[in-house]
Amino acid sequence: MAPIGDFLIVLLVILLFLLLLGGVGIYLLVQVGKKASKKARKVTERVTSHMAAMGTGDAAETERMRLDLRREVSLTRQAVEHALRGGWGLGDLPHLVAEISVHADQLDAQLAHYAQERRVSPYVDHTALSRLREHHSKLTTSCARIRADLRNDQMEHAAGNIDQIQGRTDLEIEARRRAPDPLDEIDELYNRTMINRSRPDDAR
């Protein structure tokens, strides 16, 4: 009876282990499926936005504003991340870009809602569209100014380094040049004097 009992215990342990592995596998599959569905949803939304932006009318203009806003925010984030990796002192600029991103997401949702309404309703809310354009202009302008400021700082820093390299290059080249030998200069002056004496008529 003892060997049968031990065999059953081993079998139960193996079954529990397999069940545990199965549970972990199912959990991982569910997580991967969720991430894949989120990415697929984002890709679908982007493709839909690009297709809708190719049309005419207020709805297409709104979709183009969405695409433009996303691009500006993405470029600004990349510029700030690049500056942070380079060790630049940015102060409160990263937090400001984070706030801009939050407002950009809110504006994107508002633009999407307005575009959807314009596609199904023949009535135009010119006041809302005007305000959406104004908010879009302010956010994209802020992004462009941030990138321009970062680019100017980097160019000034690079210009200072280049000037230092040019100065060091000039010094190194001058140091490598052989200093003139005084005896050679004396010989050259002597030779010139002898040539002038041998040609008195040329001097006249």
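Counting from 12, one number per residue, gives the positions in the sequence shown under my numbering. Even for Gly, the Cβ is constructed at its ideal location relative to N, Cα and C. Since we're looking at a predicted model, the values are computed, not measured.
Cβ pair residue i, residue j closer than 7 Å
i, j, result
"Ala-115", "Leu-140", "no"
"Val-108", "Thr-87", "yes"
"Leu-161", "Ala-120", "no"
Length of the line joining the Cα atoms of residue i and residue j
i, j, result
"Leu-39", "Gly-33", "10 Å"
"Val-24", "Leu-30", "10 Å"
"Glu-185", "Glu-199", "23 Å"
"Ser-48", "Gly-36", "18 Å"
"Glu-74", "Lys-46", "25 Å"
"Thr-204", "Arg-188", "28 Å"
"Val-135", "Ile-111", "28 Å"
"Leu-78", "Gly-171", "37 Å"
"Asn-202", "Gln-177", "39 Å"
"Val-41", "Val-131", "36 Å"
"Gln-127", "Leu-143", "14 Å"
"Val-21", "Lys-50", "43 Å"
"Glu-92", "His-106", "12 Å"
"Leu-19", "Val-43", "36 Å"
Contacts around residue i, its chain only, beta-carbon distance under 6 Å, and the 5 residues preceding and following it disregarded
i, result
"Arg-129", "Asp-69, Ala-70"
"Met-76", "Leu-122, His-147"
"Ala-155", "none"
"Ala-118", "First, the amino acid is wrong: residue 118 is Leu here, not Ala. The answer, listed in chain order, is His-146."
"Asp-174", "none"
"Asp-17", "none"
Nearest residue (CA-CA) to residue i, options the options
i, options, result
"Leu-150", "Leu-26, Val-84, Gln-175", "Val-84"
"Glu-72", "Tyr-125, Ile-173, Asp-174", "Tyr-125"
"Ile-157", "Lys-45, Ala-90, Lys-49, Gly-44", "Ala-90"
"Thr-152", "His-106, Leu-182, Pro-105, Arg-82", "Arg-82"
"Ala-159", "Ile-20, Leu-104, Val-41, Pro-133", "Leu-104"
Cut-off 7 Å between Cβ atoms - residues of its own chain near residue i, not counting five sequence neighbours on either side
i, result
"Arg-179", "none"
"Ala-169", "none"
Close Cβ partners of residue i (< 8 Å) along its chain, the five nearest in sequence each way excluded
i, result
"Phe-28", "none"
Next on the checklist: Quick test of the definition: if touching needs 3 or more C-beta pairs under 8 Å, does the stretch 153-166 touch the stretch 85-100?
Outcome noted: Short answer: they touch.
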